[in-house]
Amino acid sequence: MSAEQSNIVLDISGVNKSFGGLQALSDINLQIEEGKTHAIIGPNGAGKSTLLNTCIGLLQADTGRIDFEGHDLTKGFMPHDINQMGISRVFQTPQIFPDLSILENVMIPAFAKRDGSFKLNIFKALRDEKAIEEEALHFLEDLGMADQHHNHAGSLSRGNKRRLELAMCLIQHPKLLLLDEPTAGMARHDTNQTIELLMKIKARGMTKVIIEHDMHVVFSLADKISVLAQGAIIAEGHPDEIKGHPKVREAYLGSAEV
Amino acid sequence: MKIIELSTSKRDLLILVVFSVIVLIAPFWGSLIGAGYPDLLQKFAIFGLFAVGYNILFGLTGYLSFGHAAFLGVGSYVAVWSFKLFTMNALPAIAFSIVFSGIFALVIGFLCLRRTGIYFSILTLAFAQMSYKLAYSVLTPITNGETGLFVLKDDPRVIDGALGIASAENPLASLFGITLNGYEGFYFCAVVLILGFWLSMKIFRSPFGMKLVAIKSNQTRMEYTGFNHRPYLLAAFVISGMYAGLAGALLAVVDPTAGAERMVWTASGEVVLMTILGGLGTMFGPLIGAATIKYMENIFSGINDTLLGTWFDFLPQALTDLLVTIVSPFVGSGWHLTLGLTFMMIMIFLPGGMVEGAQKIKAKFFNKSKTEQVESEQLEKDGAA
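Line order of the protein sequences matches chains B and H. This note's numbering applies: residue 1330 is where the first sequence begins, and numbers increase by one. This note's numbering applies: residue 214 is where the second sequence begins, and numbers increase by one.
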């Protein structure tokens, strides 16, 4: 796949990472194309989360490069630097601000987008931040949560927390959205709602990397799938190709479970 | 309980006006509870200001500093030096104190904020104790050690000298000719308190304040949302340090001396107690807490057995003696016992402090539906936990 066909947003090349004697990632090469939903699947312990964490500055890769808009993300950026570059992340357990109202939860990322990583705006009153408030309300309306925007975010159900977290990422209009098992631990109903929501985002052409266990989610959303097993990419291709791939079957059903 | 809310500017103005009136008529309501003398009223205002500033750090960000008395001490020393070197006017003393305690807080905050939780608290405690010990020992040329720093008749006071203001035998701080002791001192402190409260309200209502609460709520999410939490915490630390320095300066204004005992760790603990007792993270809580503790310290400690005897002497002698025996451990020098018990009761039954208690009473008596609201909020909270 060459860069002429479509823009590469994230270019991971030759990334290695080991913890002590364990090779968690070995020579990972991965290109994420603009506007596509790229799923990374694999059995437990395959290195999916490690890969995601090296992209956002939580872990340092031993060797290799991760290019994002001319920055090499392996060069010790802080998580907030990486967010300010335009990468937002959804966590396995929804990370929201439980003590704030739902509206405030969505306003905060909007402030980050507007004000950068630090601004000492003491003398500006929140109530005068009409533009941000309206934008936040608009995003909540999209999720159907606008009517309860004054409620505490901590009181939401897990599915709604996930939706709120997504809204918090989307209000920043990220160039790349990373989703770490967005439906983990969710009831079927919530999972379907989340898929619907992600389809909606997909329609807007946002570039996404999604890590997922749930094959139903993966096959309904992904444009492209990379299969990770024991720290290496063993297959890559369109969902249909992956479904019948012998190596993938072996990784999932054979002795590759770590 | 909502900490920060989008509110109308009219409501804020009303709060500020009501607050100012309450503060300015303090000599009146103070006299009703036996606290209507300037010494105690000054302490209400000064320690109220200290707690209001401390609440910006502890209440909003959740970072428990055990060393804020160090900034109070620095503020006092700087103010007294300003009195000695430049002028007895209070305004330059206050300005210098804010600047110096701010710089001091910047250095200590920068170092301590490399850690979170209990480690942060211990680091601040260590720095404050270090400052206290230094003030007693090697810094004696600046702090005058155990004796404490005083203003003297023959201090240089270059600005006063240039303006031809003569030095008094016992110089007192002044504001353009008004001597700031007694009620004048109280009103000076009261005005500074109102300004300090206004600023704190501004911070509570600003995006900055909301971000501080967000850091308290979920620091990880804050980082991944694109905020660098360090400068935010440092800013909150420095602001609260400056408040402490200002409070220290006011202590020196109403009584131009400074001693190292203001920096000791129990003084740092006291402001923590005030904030929690009144209501952590609320705008009024720290003030109420500060007033309560200072009231108990001054009034309860003044009650002795003889006074108790006169209270109960309408009863038969044996009963009077019994009551005096029972009550006396809780008053006089035993007032800490009462304070401790009150603190325990509040923590057990009203974790939100006295402000939460007031809200509950208000809900119970004034609005039936409000009660339900509080309950449902409580349920939500429990559900979240």
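Ideal Cβ positions, reconstructed from N, Cα and C, are used throughout, including at glycine.
Excluding the 5 residues flanking residue i on each side, which residues of the same chain have their C-beta closer than 7 Å to its C-beta?
{"i": "H:M435", "result": "A427, I428, H442"}
{"i": "B:Q1421", "result": "D1509, E1510, A1513"}
{"i": "H:K583", "result": "Caution is warranted here: a pLDDT of 48 is assigned to H:K583, below 50, making its placement in the model unreliable, and the coordinate value is therefore given only provisionally. Here the set comprises A576."}
{"i": "B:E1333", "result": "Here B:E1333 scores only 48 on pLDDT, less than 50, and its place in the model should not be relied on; the value that follows carries that caveat. So the list is empty, once near-sequence residues are dropped."}
{"i": "B:A1564", "result": "V1556, I1571, H1574, K1576, V1577"}
Quick one, which of the options has its alpha-carbon nearest residue i's?
{"i": "H:C402", "options": "H:I378, H:W411, H:V236, H:A576", "result": "H:V236"}
{"i": "H:S413", "options": "H:G377, H:D526, H:D373, H:M455", "result": "H:M455"}
{"i": "H:M560", "options": "H:P369, H:L490, H:A462", "result": "H:L490"}
{"i": "B:L1506", "options": "B:D1457, B:D1543, B:L1472, B:R1533", "result": "B:R1533"}
{"i": "H:E569", "options": "H:I506, H:G498, H:L552", "result": "H:G498"}
{"i": "B:I1327", "options": "B:T1403, B:P1575, B:M1544, B:R1578", "result": "With chain B covering 1330 to 1587 only, the question about residue 1327 of chain B has no answer from this structure."}
{"i": "B:K1442", "options": "B:F1348, B:I1500, B:L1402", "result": "B:I1500"}
{"i": "H:P469", "options": "H:Q530, H:V484, H:L393, H:V404", "result": "H:L393"}
{"i": "H:V265", "options": "H:S419, H:G409, H:L536, H:T538", "result": "H:G409"}
{"i": "B:P1427", "options": "B:L1388, B:F1452, B:S1486", "result": "B:S1486"}
{"i": "H:I506", "options": "H:L486, H:V351, H:A303, H:L520", "result": "H:L486"}
{"i": "B:M1436", "options": "B:D1444, B:S1555, B:A1465", "result": "B:A1465"}
{"i": "H:P420", "options": "B:N1434, B:G1343, B:A1516, B:N1521", "result": "B:N1434"}
{"i": "H:L550", "options": "H:G565, H:I574, H:E510", "result": "H:E510"}
List, in chain order, every chain H residue whose beta-carbon is nearer than 7 Å to that of residue i.
{"i": "B:H1409", "result": "E436, G439, F440, N441"}
{"i": "B:L1449", "result": "F421, A448"}
{"i": "B:M1515", "result": "Neighbours of B:M1515 on chain H: none; closest Cβ ~18 Å, over 7 Å."}
{"i": "B:E1433", "result": "M423"}
Within the 8 Å Cβ cut-off, does residue i reach chain B?
{"i": "H:L219", "result": "Since pLDDT at H:L219 reaches only 47, below the 50 mark, its modelled position is unreliable, and the value read off the structure follows with that caveat. Yes, H:L219 lies at the interface with chain B (some Cβ there is under 8 Å from its Cβ)."}
{"i": "H:V234", "result": "no"}
{"i": "H:V426", "result": "yes"}
{"i": "H:A597", "result": "In this prediction, H:A597 has a pLDDT of 42, which is less than 50 and means its spatial position is unreliable; nothing more can be read from the coordinates."}
{"i": "H:T584", "result": "Below a pLDDT of 50, predicted positions are generally treated as unreliable, and H:T584, at 47, falls in that range; the measurement from the model is reported next regardless. Taking Cβ atoms only, chain B never reaches closer than 8 Å to H:T584, which makes this a no."}
{"i": "H:R418", "result": "yes"}
{"i": "H:N431", "result": "yes"}
{"i": "H:Y445", "result": "yes"}
{"i": "H:K415", "result": "yes"}
Report all residues from its chain with a CB closer than 6 Å to the CB of residue i; omit the five preceding and five following residues, and keep chain order.
{"i": "B:D1519", "result": "G1488"}
{"i": "H:K223", "result": "none"}
{"i": "B:I1341", "result": "I1357, L1359, I1395"}
{"i": "B:H1367", "result": "I1361, V1538, K1553"}
{"i": "H:L285", "result": "A457, A460, G461, R475"}
{"i": "B:V1338", "result": "I1361, E1363, L1505, T1536"}
{"i": "H:I228", "result": "none"}
{"i": "B:L1472", "result": "R1492, A1496"}
{"i": "H:S453", "result": "G266, Y267, I269, L270"}
{"i": "H:A597", "result": "Only weak support exists for where H:A597 lies, its pLDDT of 42 falling under 50; the value from the coordinates is given anyway. So the list is empty, once near-sequence residues are dropped."}
Strictly under 8 Å for the Cβ-Cβ distance: is residue i near chain H by that measure?
{"i": "B:L1472", "result": "no"}
{"i": "B:S1446", "result": "yes"}
{"i": "B:P1427", "result": "yes"}
{"i": "B:R1418", "result": "yes"}
{"i": "B:M1497", "result": "yes"}
{"i": "B:A1441", "result": "yes"}
{"i": "B:N1412", "result": "yes"}
{"i": "B:E1362", "result": "no"}
{"i": "B:E1565", "result": "no"}
{"i": "B:I1571", "result": "no"}
Under 8 Å between beta-carbons, which chain H residues line up against residue i? List them in chain order, please.
{"i": "B:Q1424", "result": "N431, T433, R434, Y437"}
Just to make sure I have the definition right: I need the residues of chain H whose C-beta is within less than 9 Å of the C-beta of residue i. Which are they?
{"i": "B:I1437", "result": "P420, M423, K424, A427, R434, M435, T438, F440"}
So which residues of chain B does residue i contact, with C-beta pairs closer than 8 Å?
{"i": "H:K223", "result": "Under the 8 Å cutoff, chain B gives no residues; its nearest Cβ is about 11 Å from H:K223."}
Which residues in the same chain as residue i place their Cβ atom closer than 8 Å to its Cβ, once the five residues preceding and following it in sequence are excluded?
{"i": "B:G1386", "result": "L1402, G1405, F1406, M1407, P1408, D1410, I1411"}
Next item on the list: Mind checking the region 1365 to 1376 of chain B against chain H and listing, in chain order, the residues whose C-beta falls within less than 9 Å of any C-beta there?
Entry: none
Checklist line | Selection of the region 1450 to 1470 of chain B by Cβ proximity to chain H, strictly under 9 Å | finding: N1450, I1451, F1452, K1453, A1454, L1455, R1456, D1457, E1458, I1461, E1462
Item checked: Interfacial residues, the region 314 to 339 of chain H to chain B, with Cβ spacing under 9 Å -> Of all residues in the region 314 to 339 of chain H, none has a Cβ within less than 9 Å of some Cβ in chain B.
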